[in-house]
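Written below as structure tokens is the structure these notes are about.
Number of protein chains: 2
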Amino acid sequence: MFLSEADLLSKAHSLAGRHVASLGSRAHKGGVGELVEIALGLTPGSSPEPDVASLGIEVKTLPVQNGKVIESTWVCSATPSSILEETWSTSRVRKKLARVLFVPVEGGDVPVDARRVGTAFLWSPNLDDEAILRRDWEDLADLVAHGLGFAVSARRGTALQLRPKAKDNTVRRTSIDVAGESYEHAPQGFYLRRPFTQGIIAAVFG
Amino acid sequence: MFLSEADLLSKAHSLAGRHVASLGSRAHKGGVGELVEIALGLTPGSSPEPDVASLGIEVKTLPVQNGKVIESTWVCSATPSSILEETWSTSRVRKKLARVLFVPVEGGDVPVDARRVGTAFLWSPNLDDEAILRRDWEDLADLVAHGLGFAVSARRGTALQLRPKAKDNTVRRTSIDVAGESYEHAPQGFYLRRPFTQGIIAAVFG
DNA sequence: GGGGATCCACTGTTGGATCCAG
DNA sequence: CTGGATCCAACAGTGGATCCCC
Numbered sequence: 001m002f003l004s005e006a007d008l009l010s011k012a013h014s015l016a017g018r019h020v021a022s023l024g025s026r027a028h029k030g031g032v033g034e035l036v037e038i039a040l041g042l043t044p045g046s047s048p049e050p051d052v053a054s055l056g057i058e059v060k061t062l063p064v065q066n067g068k069v070i071e072s073t074w075v076c077s078a079t080p081s082s083i084l085e086e087t088w089s090t091s092r093v094r095k096k097l098a099r100v101l102f103v104p105v106e107g108g109d110v111p112v113d114a115r116r117v118g119t120a121f122l123w124s125p126n127l128d129d130e131a132i133l134r135r136d137w138e139d140l141a142d143l144v145a146h147g148l149g150f151a152v153s154a155r156r157g158t159a160l161q162l163r164p165k166a167k168d169n170t171v172r173r174t175s176i177d178v179a180g181e182s183y184e185h186a187p188q189g190f191y192l193r194r195p196f197t198q199g200i201i202a203a204v205f206g
Numbered sequence: 207m208f209l210s211e212a213d214l215l216s217k218a219h220s221l222a223g224r225h226v227a228s229l230g231s232r233a234h235k236g237g238v239g240e241l242v243e244i245a246l247g248l249t250p251g252s253s254p255e256p257d258v259a260s261l262g263i264e265v266k267t268l269p270v271q272n273g274k275v276i277e278s279t280w281v282c283s284a285t286p287s288s289i290l291e292e293t294w295s296t297s298r299v300r301k302k303l304a305r306v307l308f309v310p311v312e313g314g315d316v317p318v319d320a321r322r323v324g325t326a327f328l329w330s331p332n333l334d335d336e337a338i339l340r341r342d343w344e345d346l347a348d349l350v351a352h353g354l355g356f357a358v359s360a361r362r363g364t365a366l367q368l369r370p371k372a373k374d375n376t377v378r379r380t381s382i383d384v385a386g387e388s389y390e391h392a393p394q395g396f397y398l399r400r401p402f403t404q405g406i407i408a409a410v411f412g
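Chains as they are written, first to last, in my numbering: chain B, 1 to 206; chain C, 207 to 412.
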């Protein structure tokens, strides 16, 4: 496997300019992300490869059209129980975003197979990014931890937002609130807003 | 008439909180602007009153709803012949915007008569504003001067934009291009974009 | 159910069209 | 035709819903 960031980035760069079709065929949501991981020698769905895990790198495809990021980016789930055990420093959001290999891929109207892979790049939040993410996370996590996640709209947060994530809107999970009462709620997770990732793209590619 | 800015502003402040209905009845586009001018002792449509002219003040109502500016602001016309005789320093845009009495007025869905007048304020562009306006004007004016105004979209410009202004889209004017040929084009004018006036409001009212 | 994301109806924005008085 | 602006269909943006694989 990979021994260094440079190796991973180099491998990712070798994908630049290729069409998704040349990586295999997965014409479904998430399919491109899986193909890219496989092309990088990773195994989608399993726990991170040892090398990638030790490097602390998260791989994310970033759908782009005409130079613009067209979708928000999934980060991780946000359940009351998980949040209760976290602080910003120990949070999964911070860990996952500490080092990200962003792989731009054509998106939007372009047929999946015809989408071209762009030039991947490694990213870490700078001080401003970190401050914004932290503020958002602490605000949102606090609400979720208090069992108020259900009442939080995706409008909240500057870089990070809370959104539902499930097969459909009938899916419920059960949690225990601070009073010890159990309650049901839709599964939710943290996403990076498009303007935030757009800013990252702009900073990298001018 | 008015002897000073302070007099004009004072008079304008006396309108704050009043409803448009109390100023008279002009239930048409532009009617509120005219009523406000009359209430200030000015005569809409005529050349500026001596006092106001000597003060170099332009009066503009600013339609606002929920704290947000909801329309762009007309500045002046933009014909090739007029532009050819101007430079930024001598431009009507710069002169008109050098000192503006902005009178916020409720707008949008509120019935015209029920619209309340807000607290007027005097504004002049700061150095940043001036630089932006100048950049926009020089860019747009250059195109108009070269007879290319017809091809300029309202998307151009950061604070200032070029837009059609006529009774309908059949109205044409005739101009002479640099080669001496006459050509027809829709009347156009300069407008202040909403985000720009919104910024002014935000700076004044926090 | 978690991990990879995209879809799309709705809503907010705005470019171009238009309105009235003098 | 100018000076006072507002209207509104079309577009862009995005919140909430959804999809597939493992």
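Each residue gets a CB set at the ideal place from its N, CA and C atoms; glycine is no exception.
Original post:
So B:S124 and B:A154 are in contact, right, with Cβ under 8 Å, and what is the actual spacing, rounded?
Top reply: Along the first sequence, one-based indexing puts residue 124 of chain B at 124. Along the first sequence, one-based indexing puts residue 154 of chain B at 154. Contact between B:S124 and B:A154 is ruled out by a C-beta separation of about 25 Å, above the 8 Å threshold.
Original post:
Quick one: what does DSSP say B:I38 is sitting in, helix, strand or coil?
Top reply: In the first sequence, residue 38 of chain B corresponds to position 38, counting from 1. Note: B:I38 maps to helix in three-state DSSP.
**OP:** Below 8 Å on the Cβ atoms is my guess for B:V69 versus B:L62; work out the distance and round it to an integer in Å.
**Re:** As a working note, residue 69 of chain B is residue 69 in the first sequence. As a working note, residue 62 of chain B is residue 62 in the first sequence. The pair is a contact, with the Cβ atoms about 6 Å apart (cut-off 8 Å).
Original post:
Can you tell me whether B:E85 is buried or exposed, with buried defined as 16 or more other CB within 10 angstroms of its CB?
Top reply: The count along the first sequence starts at 1 and reaches residue 85 of chain B at position 85. Flag for B:E85 reads exposed.
Subject >> Element boundaries [beta strand (DSSP E), containing C:R379] >> reply: For the purposes of this step, residue 379 of chain C is taken as the residue at position 173 of the second sequence. Under the DSSP assignment, C:R379 falls in the beta strand (DSSP E) whose first and last residues are R379 to I382.
**OP:** Go ahead and label B:T174 buried or exposed: buried means 16 or more other beta carbons lie within 10 angstroms of its beta carbon, across all protein chains shown.
**Re:** Position 174 of the first sequence, counted from the start, is the residue given in the question as residue 174 of chain B. Its Cβ having fewer than 16 others within 10 Å, B:T174 is exposed.
**OP:** Use the C-beta contact count for C:H352: other C-beta atoms within 10 angstroms, 16 or more gives buried, fewer gives exposed.
**Re:** In the second sequence, counting from the first residue as 1, residue 352 of chain C sits at position 146. Exposed: under 16 other Cβ atoms inside 10 Å.
Original post:
Taking C-alpha atoms, which residue in B:E58, B:D168, B:G17 and B:S54 lies nearest to B:E37?
Top reply: In the first sequence, counting from the first residue as 1, residue 37 of chain B sits at position 37. The residue with the shortest Cα to Cα distance from B:E37 is B:E58.
**OP:** Assign B:H28 to one of three DSSP states: helix, strand, or coil.
**Re:** To locate residue 28 of chain B, count along the first sequence from 1; it is residue 28. DSSP places B:H28 in the coil class of the three-state scheme, outside both helix and strand.
Original post:
Enumerated in chain order, which unbroken segments of the beta strand (DSSP E) with a length of 3 residues or greater are wholly contained in the stretch 84-161 of chain B?
Top reply: Segments of the beta strand (DSSP E) lying fully in the stretch 84-161 of chain B: 100-106 and 121-123.
Subject >> N-terminal and C-terminal residue of the alpha helix (DSSP H) that C:S283 is part of >> reply: By one-based count along the second sequence, residue 283 of chain C stands at place 77. Where C:S283 is concerned, there is no enclosing alpha helix (DSSP H), although the beta strand (DSSP E) it sits in stretches over T279 to S283.
**OP:** Alpha carbon to alpha carbon, how far is C:L333 from C:H391? Give it in angstroms, no decimals.
**Re:** Taking the first residue of the second sequence as position 1, residue 391 of chain C is located at position 185. Taking the first residue of the second sequence as position 1, residue 333 of chain C is located at position 127. Roughly 34 Å between the two C-alpha positions.
Original post:
Can you tell me the Cα-Cα spacing of C:E312 and C:G236, whole angstroms?
Top reply: Within the second sequence, the letter at position 106 stands for residue 312 of chain C. Within the second sequence, the letter at position 30 stands for residue 236 of chain C. If you draw a straight line from the Cα of C:E312 to the Cα of C:G236, it is about 13 Å long.
Original post:
In the structure shown, what three-state DSSP assignment does C:E264 receive?
Top reply: Mapped onto the second sequence, residue 264 of chain C falls at position 58. C:E264 falls in the strand class under three-state DSSP.
Original post:
Span of the beta strand (DSSP E) holding C:H391?
Top reply: On the second sequence, position 185 is the one that residue 391 of chain C refers to. Per DSSP, C:H391 belongs to the beta strand (DSSP E) from S388 to H391.
Original post:
Since C:F396 sits in a beta bridge, which residues does DSSP pair it with?
Top reply: For the purposes of this step, residue 396 of chain C is taken as residue 190 along the second sequence, with counting starting at 1. Partner residues in the beta bridge of C:F396, as assigned by DSSP, are C:C282 and C:L368.
Original post:
Between B:V180 and B:S81, what straight-line distance do the alpha-carbon atoms span, to the nearest angstrom?
Top reply: What you label residue 180 of chain B is simply residue 180 of the first sequence in a count that begins at 1. What you label residue 81 of chain B is simply residue 81 of the first sequence in a count that begins at 1. At residue 180 of chain B the sequence reads Gly, which differs from the Val that was named. Distance from the CA atom of B:G180 to the CA atom of B:S81, rounded to whole angstroms, is 12 Å.
**OP:** Determine the closest residue to B:T197 out of B:V178, B:P187, B:T158 and B:P164, with distance taken between C-alpha atoms.
**Re:** The residue given as residue 197 of chain B occupies position 197 in the first sequence. It is B:T158 whose Cα lies nearest to the Cα of B:T197.
Subject >> B:S10 - containing alpha helix (DSSP H), residue span >> reply: For the purposes of this step, residue 10 of chain B is identified with residue 10 of the first sequence, where counting begins at 1. If you look at B:S10, you'll find it in the alpha helix (DSSP H) that goes E5 to H13.
Original post:
B:R116 and B:G206 look like a contact to me (Cβ under 8 Å); what is the Cβ gap, rounded to whole Å?
Top reply: Numbered from its first residue, the first sequence carries residue 116 of chain B at position 116. Numbered from its first residue, the first sequence carries residue 206 of chain B at position 206. B:R116 to B:G206, Cβ: 19 Å. No contact.
Original post:
How would you call B:P111, buried or exposed, if buried means at least 16 neighbouring beta carbons within 10 angstroms?
Top reply: If you number the first sequence from 1, residue 111 of chain B lands on position 111. Label assigned to B:P111: exposed.
**OP:** Kindly list the residues whose CB is nearer than 6 Å to the CB of C:P310, restricted to its own chain and excluding five residues on each side of it in sequence; keep chain order.
**Re:** Taking the second sequence and counting its residues from 1, the one referred to as residue 310 of chain C is at position 104. For C:P310, where only same-chain residues beyond five positions count, the Cβ hits under 6 Å are L268, V270 and G324.
Original post:
So is C:K382 buried or exposed if we call it buried at 16+ other beta carbons inside 10 Å?
Top reply: What you label residue 382 of chain C is simply residue 176 of the second sequence in a count that begins at 1. The sequence as given places Ile at residue 382 of chain C; Lys does not occur at that position. By the 10 Å Cβ count, C:I382 comes out exposed.
**OP:** Could you check what DSSP says for C:P250 in three-state terms: helix, strand or coil?
**Re:** Residue 250 of chain C sits at position 44 when you count from the first residue of the second sequence. In the structure shown, C:P250 sits in coil (DSSP, three-state: anything other than H, G, I, E or B).
Subject >> Cβ-based burial, B:T170 [other Cβ within 10 Å; buried from 16] >> reply: In the first sequence, counting from the first residue as 1, residue 170 of chain B sits at position 170. That one is exposed.
Subject >> Through-space distance from B:F102 to C:V193, alpha-carbon basis >> reply: Since the first residue of chain C shown is 207 and the last is 412, residue 193 of chain C is not available in this structure.
Original post:
Using a Cβ-Cβ cut-off of 8 Å (strictly less than) and excluding sequence neighbours within five positions of B:G108, which residues of its own chain qualify?
Top reply: Here the question's residue 108 of chain B lines up with position 108 in the first sequence. Take B:G108, set aside five residues on each side of it, and the residues of its chain with a beta-carbon closer than 8 Å to its own are P63, Q65 and I70, in chain order.
Subject >> Contact set for B:D139: own chain, Cβ-Cβ below 6 Å, skip 5 residues either direction >> reply: Within the first sequence, numbered from 1, the residue matching residue 139 of chain B stands at position 139. Apart from sequence neighbours up to five positions away, no residue of its chain approaches B:D139 with a beta-carbon distance below 6 Å.
Original post:
Hey, out of C:A227, C:S231, C:L248 and C:P393, whose CA is closest to C:K217's CA?
Top reply: Walking along the second sequence from the start, residue 217 of chain C turns up at place 11. Looking at the Cα atoms, C:L248 is the closest of the given residues.
Original post:
When you compare only the Cα positions, how much space is there between C:V281 and C:R298?
Top reply: In the second sequence, residue 281 of chain C corresponds to position 75, counting from 1. In the second sequence, residue 298 of chain C corresponds to position 92, counting from 1. Rounded to the nearest angstrom, the two C-alpha atoms are 9 Å apart.
Original post:
Any idea if C:K266 is buried or exposed, counting beta-carbon neighbours within 10 angstroms, 16 or more meaning buried?
Top reply: Counting from one through the second sequence, the residue named residue 266 of chain C turns up at place 60. With 16 or more other Cβ atoms inside 10 Å of its own Cβ, C:K266 counts as buried.
Original post:
Could you give the distance in angstroms between the alpha-carbon of B:P164 and the alpha-carbon of C:S228?
Top reply: As a first step, residue 164 of chain B must be located in the first sequence, where it is residue number 164. As a first step, residue 228 of chain C must be located in the second sequence, where it is residue number 22. B:P164 and C:S228 have their C-alpha atoms some 50 Å from each other.
Original post:
CA-CA distance, C:A326 and C:H219?
Top reply: The residue you call residue 326 of chain C lines up with position 120 of the second sequence. The residue you call residue 219 of chain C lines up with position 13 of the second sequence. One C-alpha to the other measures close to 6 Å.
Original post:
Are the beta-carbon atoms belonging to C:Q367 and C:L398 less than 9 Å from one another?
Top reply: Translated into positions along the second sequence, residue 367 of chain C becomes position 161. Translated into positions along the second sequence, residue 398 of chain C becomes position 192. With a cutoff of 9 Å on beta-carbon distance, C:Q367 and C:L398 are scored as near each other.
**OP:** Evaluate C:T279 with the Cβ neighbour count: other Cβ atoms within 10 Å of its Cβ, from every protein chain shown; 16 or more gives buried, anything less gives exposed.
**Re:** Locating residue 279 of chain C in the second sequence gives position 73, counting from the first residue. Taking every protein chain shown into account, the CB of C:T279 has 16 or more other CB atoms within 10 angstroms, so this residue is buried.
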